[in-house]
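Just below is one structure, and these are the notes that go with it.
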Amino acid sequence: MSLLSLTAVSRTFGRVVALQDVDLEMEEGRLYAVIGPNGAGKTTLFNLISGFYPASSGQIRFDGQQINRVPAANRVTLGLVRTFQITEIFPELSVFENVRIGVEAEARCSARPWWSPALSRQINERVDELLSITGLTAQSGRTVSELAHGDQRVVEVTMALSRRPKLLMLDEPTAGMGQSETEHMVKLIRDLHVRQKQSILFIEHDMDLVFGIADRITVLNYGKVLATGTPKEVAADHQVQAAYLGEAE
Amino acid sequence: MNRRLIVNGAVWLVLLTAAIWLPLLGGYMALASRVLIYALGAMALNLLLGFTGCMSFGQAAYFGLGGYGAGLFLTHLGSSSVLAIVAGTLLGGVVATAFGPLIMRRRGIYFAMITVAISQIFYFIAERWNDFTGGEDGLSGFSRQPLHLGFATVPLDSVAFYYFVLFFFAVGAGVIAMLLHSPLGHTFIAIRENRRRAQFLGIHVERYVWASFAIAGFIAGLAGALNALQNNFISPANLYWVESGNFVIMAVLGGMRNFWGPLVGAIIFIGIQDYVSSYFPNNWQSFIGVLFVIAVIFFPTGILGILRQRVKVA
Amino acid sequence: MQLLLFDGFNGLIQGAFYALMALGLSLIINLNSVINFAHGGFMVIGAYLAFSLAPYIGFWGALFVGPILAGAIGLIVERALVQYMYSRPDPVYSLLLTFGLALIIEDSVRSIWGAQGVPFQIPAGLGSPVSATYFFLTGYRLFVMGAIVVATLALFAFLRLSRFGIRIRAGILDLETVSALGVNVYLLRTVNFGIGILLAGFAGVLAAGVFQLVPTMGNDVIMATFVAIVVGGLGNLFGSVLGGLLIGLAAGLTSAFYPVASDVVIYVIMAAVLIVRPRGLLGQEGMFE
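Chains as they are written, first to last, in this note's numbering: chain A, 15 to 263; chain B, 21 to 334; chain C, 416 to 704.
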């Protein structure tokens with residue numbers, strides 16, 4: 015039973031064809047990577063799936079439902095949550111407050127115009143829980159704009175988790191990170207995948223990372239799918255080697 | 021936490037005892053009432069501007085409508101000051117709610133322009149509909165009625181009226197304060213911080229902008245109604261875009277990100293306006309203009325914003 | 416029928432003014448990213464300068480010198496005040512700054528020239544109608560239309576053909592890249608602001624002969640100018656011209672049929688455009704949306 019399925023999905027911007035005829039099947043519980051050279055259409059793909067803009071043609075099905083026309087905010091409620099290549103967080107709020115927004119949204123009380131101690135306690139507990147999962151408890155009170163880049167990206171992942179995603183989409187989670195930050199993020203992703211059985215779809219440039227943890231990969235090039243399959247299959251694919259990986263080491 | 025309690029307590033104490041200390045400083049109660057009225061209007065605007073991140077340049081519409089609502093009520097419908105206030109509040113709020121869908125999808129300058137357009141439409145209606153609104157000369161002939169409290173009748177002279185205004189100011193400010201500490205308030209602030217992130221956390225941003233706009237409309241209407249009762253007069257000038265700009269400068273001058281910012285801004289603005297206009301009756305506008313320029317260049321985070329930074333560093 | 420033509424023509428002239436104002440303001444909004452609320456005020460400065468200068472250098476002299484003086488004042492204002500707004504991401508600050516400037520300008524004008532309207536002499540020859548039946552077609556009004564057309568064409572030619580103009584157009588599209596290519600963007604922004612103000616000053620000098628000169632002239636003009644830009648489409652210079660003409664004509668025609676609404680109609684049009692086609696008639700998607 016596939017969680018996410020794209021059929022012949024295309025997206026054009028005026029005369030530029032960003033994505034052409036892309037098929038993708040992802041099952042629950044997978045750690046699925048999308049890779050490809052710059053400009054291949056990876057982020058465009060994410061934008062289509064998450065509802066940032068509509069597909070020009072083709073079908074996107076999520077959790078059994080066709081979501082082509084579903085607005086972005088609704089897709090989140092359906093369980094489709096993403097992070098961005100350039101970290102999107104609430105800059106002047108604290109780590110705690112950042113995560114709280116997501117928790118309140120998940121608890122369906124974002125519109126409640128009064129404060130109640132009982133609800134507040136529930137919300138706060140959940141926020142603390144999430145912060146401990148991603149290791150941010152010590153930073154809880156700090157303003158996110160003052161955090162290191164790597165920590166900011168972890169905050170964003172935590173916020174995404176607050177919506178209990180059926181599918182967590184991470185757009186270049188290690189972008190701009192140094193060695194230890196990258197290790198921390200990789201460990202987090204692995205833990206989420208193995209321990210929480212979180213389905214994760216992610217875009218990455220770091221090949222070692224991808225081949226180290228992904229169980230499925232789709233390679234994009236110039237808006238088309240070049241290859242799809244297990245890491246071994248993809249690495250052995252001649253077209254992929256030629257276009258992207260270089261000759262076999 | 022504690023600091024906030026002390027500050028709030030101090031503010032309310034100062035406001036409650038104004039009748040005692042203000043005359044000693046050479047001030048007069050009508051000035052204090054005026055400050056509270058405009059502070060309330062600026063707080064309403066700041067809910068949109070400082071806390072939801074929406075640059076509204078048309079709050080005068082709901083402020084003015086509140087005034088006309090109260091004035092017209094007293095002229096045609098009844099003689100209760102309290103009901104007049106309710107009428108004005110409702111008029112401002114309902115119109116804002118009705119226009120919500122029109123403005124909720126827009127951002128930045130477009131948002132600002134459409135809010136101005138709405139207020140200009142009402143400005144011209146008020147100016148032209150002579151029979152009903154008194155036209156260019158404004159609506160007069162009504163006056164604030166004594167309060168019938170059952171056991172006593174209280175005429176609203178300048179001191180009593182100040183406490184009348186203070187009561188409604190407390191209600192309005194209280195609503196905003198409650199809001200800002202609630203999940204709804206958190207959502208507004210999230211929208212201000214990063215609309216896209218809010219959207220991709222499942223928040224329907226437009227609906228919340230609508231809500232903020234509607235609430236701001238009710239509170240601005242309340243302020244406008246009080247304004248009409250203070251002057252026993254309301255004119256199209258209260259609907260003009262310059263009036264909207266006044267609210268914005270009060271919020272920015274005092275500190276957009278601070279709850280009490282608009283009050284501080286109103287004190288400074290009204291204070292300067294009152295002082296300068298008595299010495300330069302023809303040119304006080306340019307003093308206000310200079311105030312705008314100085315505030316923007318040197319105090320972008322507002323007086324309270326600067327104070328807060330000092331306290332953080334200390 | 417005569418009345419309709421009369422109102423229509425008046426509307427067209429009004430529209431031409433809005434178009435010229437919208438063009439200058441559009442340049443400033445697009446390149447400097449400053450929402451210049453004082454644009455109407457600069458128009459008023461241009462008008463009053465012409466009034467003061469005309470007795471010494473004649474109408475034609477004032478027509479030439481007035482806008483240049485206004486533009487020079489614009490350059491000073493940009494260097495002294497506006498440039499500090501460039502580093503602020505929130506547009507509310509530039510709005511408030513120019514808002515304050517508008518107030519200062521209005522009061523200054525009032526102080527120098529008085530609160531009452533002042534008369535402005537247009538050259539004797541131009542004052543008379545060119546046609547017996549269409550009495551409203553005075554030489555001056557036709558001249559104004561012609562002058563605005565020439566000015567607009569001259570500006571577009573400048574933007575298209577001159578090196579500086581091309582840099583302005585490039586800067587509107589992507590100022591960062593232009594800067595990275597080694598162009599002095601500080602100079603670019605200052606001169607662009609000056610040009611925008613010069614256009615406003617020019618509109619002011621022309622307006623002096625058609626409308627009554629009062630210090631509050633700027634207030635209603637600035638609102639209409641914003642409406643013209645929003646209707647025409649933010650980000651598109653020609654759209655601003657079109658928007659100006661459209662709303663002027665609409666206002667003129669409305670005053671023939673339903674005079675009470677002639678002031679409001681431009682706002683109704685703007686509201687309608689914002690609902691149906693938020694980017695404006697010729698605007699680009701995504702700008703400020």
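Note that the Cβ used here is the ideal one computed from N, Cα and C, for glycine as well.
Opposing strand residues paired with residue i [DSSP bridges]
| i | result |
| --- | --- |
| TYR46 (chain A) | A:LEU215, A:ARG230 |
| GLY243 (chain A) | A:ILE231 |
| ILE14 (chain A) | Past the edges of chain A, shown from 15 to 263, lies residue 14 (chain A), and the structure says nothing about it. |
| GLN80 (chain A) | A:ARG75 |
| VAL31 (chain A) | A:THR26 |
| MET500 (chain C) | Paired residues: none, contrary to the question. |
| VAL533 (chain C) | C:LEU628 |
| LYS180 (chain A) | BP columns for LYS180 (chain A) are empty, so no partner. |
| HIS168 (chain B) | B:THR173 |
| ARG126 (chain B) | In the DSSP output, where bridge partners are listed per residue, ARG126 (chain B) has none listed. |
| ARG96 (chain A) | A:MET183 |
Chain-ordered chain B contacts of residue i [CB-CB under 8 angstroms]
| i | result |
| --- | --- |
| MET685 (chain C) | MET133, ILE134, ALA137 |
| THR675 (chain C) | Before going on, a small fix: residue 675 (chain C) reads as Val here, not Thr. In chain order: ARG148. |
| VAL324 (chain A) | Given a span of 15 to 263 for chain A in the structure shown, any question on residue 324 (chain A) remains unanswerable. |
| LEU446 (chain C) | Those do not exist, as LEU446 (chain C) stays about 15 angstroms from chain B at its closest Cβ, beyond 8 angstroms. |
Residue i and residue j closer than 8 angstroms at C-beta
| i | j | result |
| --- | --- | --- |
| GLU213 (chain B) | PHE104 (chain A) | yes |
| ALA90 (chain B) | ALA80 (chain B) | no |
| ARG114 (chain A) | HIS224 (chain B) | no |
| ILE684 (chain C) | ALA665 (chain C) | yes |
| LEU590 (chain C) | VAL606 (chain C) | no |
| SER101 (chain B) | GLN250 (chain B) | no |
| TYR82 (chain B) | ALA116 (chain B) | yes |
| THR109 (chain B) | GLY241 (chain B) | yes |
| VAL688 (chain C) | GLY455 (chain C) | no |
| GLY698 (chain C) | GLY650 (chain C) | yes |
| GLY170 (chain B) | ILE239 (chain B) | no |
Interface residues of chain C facing residue i [CB-CB closer than 7 angstroms]
| i | result |
| --- | --- |
| TRP261 (chain B) | MET638 |
Proximal residues of chain B, C-beta to C-beta of residue i below 9 angstroms
| i | result |
| --- | --- |
| SER526 (chain C) | ASN302, ASN303, SER306 |
| THR91 (chain A) | GLY222 |
| ILE103 (chain A) | GLU213, ASN214, ARG217 |
| ALA87 (chain A) | ALA218, GLN219, PHE220, LEU221, GLY222, ILE223, HIS224, VAL225 |
| ARG503 (chain C) | VAL316, PRO320 |
Contact set for residue i: own chain, Cβ-Cβ below 8 angstroms, skip 5 residues either direction
| i | result |
| --- | --- |
| VAL117 (chain A) | ILE137, ARG140, VAL141, LEU144, SER176 |
| GLY658 (chain C) | TYR433, ALA434, ALA437, VAL642, ALA643, ILE644, VAL645, VAL646, GLY647, GLY648, GLY695, LEU696 |
| LEU496 (chain C) | LEU512, LEU516 |
Contact set for residue i: own chain, Cβ-Cβ below 7 angstroms, skip 5 residues either direction
| i | result |
| --- | --- |
| THR135 (chain B) | SER76, PHE77, GLY78, ILE123 |
| ARG525 (chain C) | PRO630 |
| PRO482 (chain C) | GLY461, LEU613, GLY616, PHE617, VAL620 |
| LEU628 (chain C) | ALA462, TYR463, PHE466, GLY532, VAL533, PHE535 |
| ALA189 (chain A) | GLN99 |
| SER124 (chain A) | GLU118 |
| HIS207 (chain A) | LEU45, ILE214 |
| ASN634 (chain C) | GLY455 |
Neighbourhood of residue i by C-beta, 6 angstroms cutoff - its chain only, sequence neighbours within 5 removed
| i | result |
| --- | --- |
| SER509 (chain C) | VAL449, ILE450, MET500 |
| GLY93 (chain A) | PRO179, LYS180 |
| VAL55 (chain B) | ALA286, ILE287, ILE290 |
| GLY120 (chain B) | TRP230, PHE233, ALA234 |
| GLU263 (chain A) | Its pLDDT being 45, under 50, GLU263 (chain A) is placed unreliably in this model, and the value from its coordinates should be taken loosely. Contacts found: none. |
| GLY430 (chain C) | GLY659, LEU660, GLY663, LEU664 |
| ASN447 (chain C) | ARG604, PHE608 |
| ALA218 (chain B) | ALA210, ILE211, VAL225 |
Chain-ordered chain B contacts of residue i [CB-CB under 7 angstroms]
| i | result |
| --- | --- |
| SER523 (chain C) | SER306 |
| LEU442 (chain C) | Within 7 angstroms Cβ-Cβ: nothing; LEU442 (chain C) doesn't reach chain B, min ~15 angstroms. |
- request: Flag this pair as touching only if the segment 161-170 of chain A and the segment 81-101 of chain A have three or more C-beta atom pairs under 8 angstroms; answer yes or no.
  value: yes
- request: Please confirm if the segment 316-330 of chain B is in contact with the segment 266-285 of chain B, defined as three or more CB-CB distances below 8 angstroms between the two stretches.
  value: yes
message: Quick check: the segment 178-193 of chain B against the segment 243-252 of chain B, are at least 3 beta-carbon pairs closer than 8 angstroms?
response: yes
field: Three CB pairs or more closer than 8 angstroms across the segment 140-148 of chain B and the segment 672-682 of chain C
entry: yes
field: Contact between the segment 236-248 of chain A and the segment 72-91 of chain A (3+ Cβ pairs under 8 angstroms)
entry: no
task: Examine the Cβ distances between the segment 152-166 of chain A and the segment 23-36 of chain A and report whether three or more of them are shorter than 8 angstroms.
output: no
message: With a threshold of 8 angstroms, are at least 3 pairs of Cβ atoms found where one atom belongs to the segment 286-304 of chain B and the other to the segment 487-504 of chain C?
response: no
- prompt: Residues in the segment 605-620 of chain C with C-beta within 7 angstroms of chain F's C-beta atoms, listed in sequence order?
  reply: No chain F is part of this structure, whose protein chains are labelled A, B and C.
query: For the 8 angstroms Cβ check, are there 3 or more pairs between the segment 22-30 of chain A and the segment 194-201 of chain A?
result: no
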